[in-house]
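If you're matching them up, the sequences are chains A and B in order.
Here our numbering is used: the first residue of the first sequence is 499, the next is one more, and so on.
Here our numbering is used: the first residue of the second sequence is 499, the next is one more, and so on.
Report on the following structure.
Protein chains: 2
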Amino acid sequence: MEKHLKSKVTINRLCYKGLDVFAQKGYHNTNLNDILRELCLSKGAFYHHFKSKEDFFVYIVQNLVAQKIYALLVEPLSTQEDPLSAIMESLDKALEPGKSNELIYGFMLGDFLTELDGKQEEVSASLKDILQMWEVNMIGTLKKGKLDDHVARHIDCEGVAAYIISSYLGMRTMMMNHNPKHAKYQYLQQLRHYFNSLRPAAA
Amino acid sequence: MEKHLKSKVTINRLCYKGLDVFAQKGYHNTNLNDILRELCLSKGAFYHHFKSKEDFFVYIVQNLVAQKIYALLVEPLSTQEDPLSAIMESLDKALEPGKSNELIYGFMLGDFLTELDGKQEEVSASLKDILQMWEVNMIGTLKKGKLDDHVARHIDCEGVAAYIISSYLGMRTMMMNHNPKHAKYQYLQQLRHYFNSLRPAAA
DNA sequence: AGTTAAACCGACCGCCAGGTCGGTCGTATT
DNA sequence: AATACGACCGACCTGGCGGTCGGTTTAACT
């Protein structure tokens with residue numbers, strides 16, 4: 499195999515496994531040795547590609563997580579006329595319990611923020627960036643929805659976006675205590691109620 | 499000072515400081531030495547009262563956190579006729595940014611669940627217990643509200659409770675990125691919209 | 001074939017934080 | 001006064017994990 503290709507393969511293997519383990523065990527509970535053993539790689543291999551554990555984590559967040567969030571939760575916002583439907587649909591898809599990995603991207607955002615706050619500035623900054631990207635886009639979509647009369651004029655788009663994101667982040671935490679499929683159904687159902695209160699009164 | 503009294507004082511000092519630091523830095527980022535230095539206590543003092551760091555944390559959760567959650571978020575549920583008003587008021591008070599500590603109890607519940615999942619079974623179990631206590635009580639209150647026509651008949655009380663708690667947990671995470679006072683206002687505002695959609699249609 | 005530099009190996013280092021333990025001090029009991 | 005015991009001290013131990021580094025393999029180029 500070509501060298502630079504092999505390199506990319508190794509980096510990819512490290513990142514996907516890393517994402518998996520980080521999401522399961524949290525940042526501090528994760529140790530590199532476990533990851534490396536599972537991949538049959540050595541310390542040397544790791545430190546050849548990444549300069550530290552923190553660097554590794556940031557790389558994963560800025561690439562895998564950011565991309566996934568964008569693809570699942572940001573980009574779909576502008577595919578429909580009605581922003582509320584678009585949001586609903588994107589959340590529905592994002593919560594699809596298909597591949598185990600996908601379930602994870604929500605967690606990373608919320609839960610690591612506390613674990614990493616204070617120390618590891620750079621790391622939590624990269625997580626906050628993603629959240630903010632999502633939020634800003636959602637606000638924009640909602641504002642546009644106002645103009646098209648899909649959203650009531652009097653509502654506070656910033657507040658709505660923050661609220662939706664909050665409920666999404668918190669919901670993923672709650673899902674650990676309940677049946678995921680049922681929790682998803684419940685969540686979307688309530689979100690639907692909430693959304694109804696944001697629509698313009700039927701003319 | 500009497501001996502057993504002095505003992506209690508020391509334990510109390512440890513716990514309150516511990517709660518403070520754990521909430522700020524997370525479980526793994528917190529080291530006992532820092533806590534002990536700030537309190538001018540020794541390793542020996544600590545291990546005389548607690549058998550391990552984990553034991554210490556569980557003790558804090560089961561005492562301080564559980565009590566606070568109960569006093570702030572569970573007990574107030576049954577003080578009013580209308581459950582939705584009661585919930586709203588309890589959340590309002592719980593989010594009061596008065597003492598810095600109070601802001602914290604929300605975090606502990608949600609964010610540590612991920613950090614501690616997998617390992618530290620006992621710890622996360624104690625956190626889950628508290629969440630469940632809250633949830634069960636809220637469901638009960640909502641069901642009672644149905645009978646008194648404060649809540650629409652068709653709504654799913656379990657779903658509503660899970661949704662409210664989710665949004666609360668997620669909201670505390672979001673508060674780290676925004677102005678807390680403003681975030682609180684936004685949050686309660688949106689919750690009010692949501693609650694309106696749960697009330698019986700005006701007869 | 002010879003050379004170069006990448007990808008990779010794995011033994012080793014050093015720090016740090018949880019936990020131990022023998023000892024001291026102060027208070028209660030006789 | 002003597003004894004006992006609980007509260008506390010702090011030097012020390014220890015294991016785990018992030019990180020290092022000299023060496024080895026292997027692909028690419030001449």
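Idealized CB from N, CA, C, for every residue including glycine.
These numbers come from a predicted model, not from an experiment.
task = Starting from Q560/A, follow the alpha helix (DSSP H) in both directions and report where the run begins and ends.
result = Taking the first sequence and counting its residues from 1, one reaches residue 560/A at position 62. First-last for Q560/A: undefined, no H or E at that position.
message = Once the 5 residues before and after K626/A are set aside, which same chain residues still bring their CB inside 8 Å of it?
response = The residue given as residue 626/A occupies position 128 in the first sequence. Counting only Cβ-Cβ distances below 8 Å, and skipping sequence neighbours, we find L611.
message = Please report the distance separating the alpha-carbon of M673/B from that of R670/A.
response = Position 175 of the second sequence holds residue 673/B. Position 172 of the first sequence holds residue 670/A. Computed Cα separation, rounded: 17 Å.
ask   = What in chain B is Cβ-close to A700/A, meaning under 9 Å?
value = Looking up residue 700/A in the first sequence gives position 202. In chain order: nothing, as chain B lies at least about 14 Å away.
query = Mapping DSSP to helix, strand and coil, what is T508/B?
reply = Start at 1 with the first residue of the second sequence, and residue 508/B comes out as number 10. Three-state DSSP puts T508/B in a helix.
ask   = Of all the options P581/B, E579/B, I585/B, which has the alpha carbon lying nearest to the alpha carbon of L570/B?
value = As a working mapping, residue 570/B is identified with position 72 in the second sequence. Measuring from the Cα of L570/B, the nearest candidate turns out to be I585/B.
task = Take every Cβ of the stretch 514-534 of chain B, pair it with every Cβ of the stretch 682-690 of chain A, and state whether three or more of those distances are shorter than 8 Å.
result = no
task = Compute the minimum distance between the beta carbon of L512/A and the heavy atoms of the ligand GDP, and state whether it is under 7 Å.
result = The ligand GDP is absent from the structure shown, which contains no ligand whatsoever.
query = Along the chain, which unbroken stretches of the beta strand (DSSP E) at least 3 residues long are found entirely within the stretch 513-598 of chain A?
reply = none
inquiry  = Check this for me: beta carbons of L582/B and H648/B, under 8 Å apart or not?
reply    = The count along the second sequence starts at 1 and reaches residue 582/B at position 84. The count along the second sequence starts at 1 and reaches residue 648/B at position 150. Their beta carbons are under 8 Å apart, which means L582/B touches H648/B by this criterion.
task = Quick one: grab the DSSP three-state call for D646/A.
result = As a working note, residue 646/A is residue 148 in the first sequence. Of the three classes helix, strand and coil, the one that applies to D646/A here is coil, per DSSP.
inquiry  = With three or more beta-carbon pairs closer than 8 Å as the criterion, would you say the stretch 558-565 of chain B touches the stretch 503-516 of chain B?
reply    = Result yes; three or more Cβ-Cβ pairs closer than 8 Å.
task = Please list the partners that H648/B has in chain A, where partner means a Cβ-to-Cβ separation under 9 Å.
result = The residue you call residue 648/B lines up with position 150 of the second sequence. Under the 9 Å cutoff, chain A gives no residues; its nearest Cβ is about 16 Å from H648/B.
inquiry  = The alpha helix (DSSP H) that contains E656/B, what's its start and end?
reply    = Locating residue 656/B in the second sequence gives position 158, counting from the first residue. 655-672 is the span of the alpha helix (DSSP H), which, as asked, contains E656/B.
request  = Return the CA-CA distance between M631/B and I637/B, expressed in angstroms with no decimal places.
outcome  = As a working note, residue 631/B is residue 133 in the second sequence. As a working note, residue 637/B is residue 139 in the second sequence. If I take the Cα positions, the gap works out to 10 Å.
query = If you count every other CB in all the chains shown that lies within 10 Å of the CB of E594/B, and 16 or more means buried, which is it?
reply = Taking the second sequence and counting its residues from 1, one reaches residue 594/B at position 96. Its Cβ having fewer than 16 others within 10 Å, E594/B is exposed.
request  = Note down, in chain order, each residue of its chain lying with its Cβ closer than 6 Å to the Cβ of Y661/A, except the 5 sequence neighbours on either side.
outcome  = Within the first sequence, numbered from 1, the residue matching residue 661/A stands at position 163. Contacts found: none.
task = Could you give the DSSP three-state label for Q618/B: helix, strand or coil?
result = As a position in the second sequence, residue 618/B is number 120, starting the count at 1. In the structure shown, Q618/B sits in coil (DSSP, three-state: anything other than H, G, I, E or B).
query = Within this structure, are the beta carbons of I663/B and E633/B separated by less than 8 Å?
reply = Working through the second sequence from its first residue, we reach residue 663/B at position 165. Working through the second sequence from its first residue, we reach residue 633/B at position 135. Less than 8 Å separates the beta-carbon of I663/B from that of E633/B.
ask   = For A700/A, which option in A650/A, A659/A, S550/A has the closest C-alpha, if you only look at C-alpha atoms?
value = Stepping through the first sequence from its first residue, residue 700/A is reached at position 202. For the set A650/A, A659/A, S550/A, the Cα lying nearest the Cα of A700/A is the one of A650/A.
message = Using only the alpha-carbon positions, how far apart do K642/A and V658/B sit?
response = In the first sequence, counting from the first residue as 1, residue 642/A sits at position 144. In the second sequence, counting from the first residue as 1, residue 658/B sits at position 160. So the alpha carbons of these two residues sit roughly 29 Å apart.
inquiry  = Suppose contacts are defined by Cβ-Cβ distances below 8 Å. Is Y557/B in contact with F544/B by that definition?
reply    = Residue mapping note: residue 557/B aligns to position 59 of the second sequence, counting from 1. Residue mapping note: residue 544/B aligns to position 46 of the second sequence, counting from 1. Taking 8 Å as the Cβ cut-off, Y557/B and F544/B do not qualify as a contacting pair.
key: Partners in chain B for L629/A, counting only beta-carbon separations shorter than 7 Å   = Here the question's residue 629/A lines up with position 131 in the first sequence. Neighbours of L629/A across chain B, judged by C-beta separation under 7 Å: N675.
ask   = Excluding the five sequence neighbours on either side, which residues of its own chain have a C-beta within less than 6 Å of the C-beta of R690/A, listed in chain order?
value = Taking the first residue of the first sequence as position 1, residue 690/A is located at position 192. Excluding sequence neighbours, R690/A sits near nothing in its chain.
message = Using a Cβ-Cβ cutoff of less than 7 Å, which residues in the same chain neighbour S588/B once the five nearest sequence positions on both sides are dropped?
response = Here residue 588/B corresponds to residue number 90 of the second sequence, with the count starting at 1. Correct list, in chain order: L570, L571, P574, L575.
query = Taking Cβ-Cβ distances below 8 Å as the criterion, which residues of the stretch 643-669 of chain B are in contact with chain A?
reply = Flagged, chain order: I653, D654, E656, G657, V658, A660, Y661, I663, S664, S665, Y666, L667, G668, M669.
query = Which whole-angstrom value describes the C-beta separation of N675/B and L614/A, a residue pair presumed to lie in contact below a C-beta threshold of 8 Å?
reply = Here residue 675/B refers to the residue found at position 177 when the second sequence is read from its first residue. Here residue 614/A refers to the residue found at position 116 when the first sequence is read from its first residue. Approximately 13 Å separates the beta-carbon atoms of N675/B and L614/A; this is outside 8 Å, ruling out the contact.
query = Taking buried to mean at least 16 other C-beta atoms within 10 Å of its own C-beta, is K566/B buried or exposed?
reply = Counting from 1 along the second sequence, the entry for residue 566/B is found at position 68. With 16 or more other Cβ atoms within 10 Å, it is buried.
message = I need the DSSP call for H680/B, collapsed to helix, strand or coil.
response = Counting from one through the second sequence, the residue named residue 680/B turns up at place 182. Residue state, collapsed to three classes: helix.
S550/A versus K541/A: straight-line alpha-carbon distance, rounded = What you label residue 550/A is simply residue 52 of the first sequence in a count that begins at 1. What you label residue 541/A is simply residue 43 of the first sequence in a count that begins at 1. Each residue's Cα considered, the two are about 11 Å apart.
query = What does L696/A reach in chain B if we use C-beta pairs closer than 7 Å?
reply = In the first sequence, counting from the first residue as 1, residue 696/A sits at position 198. Here the neighbours are H691.
query = When the cut-off is 8 Å and only beta carbons count, does L611/A lie next to chain B?
reply = To locate residue 611/A, count along the first sequence from 1; it is residue 113. Yes, contact with chain B.
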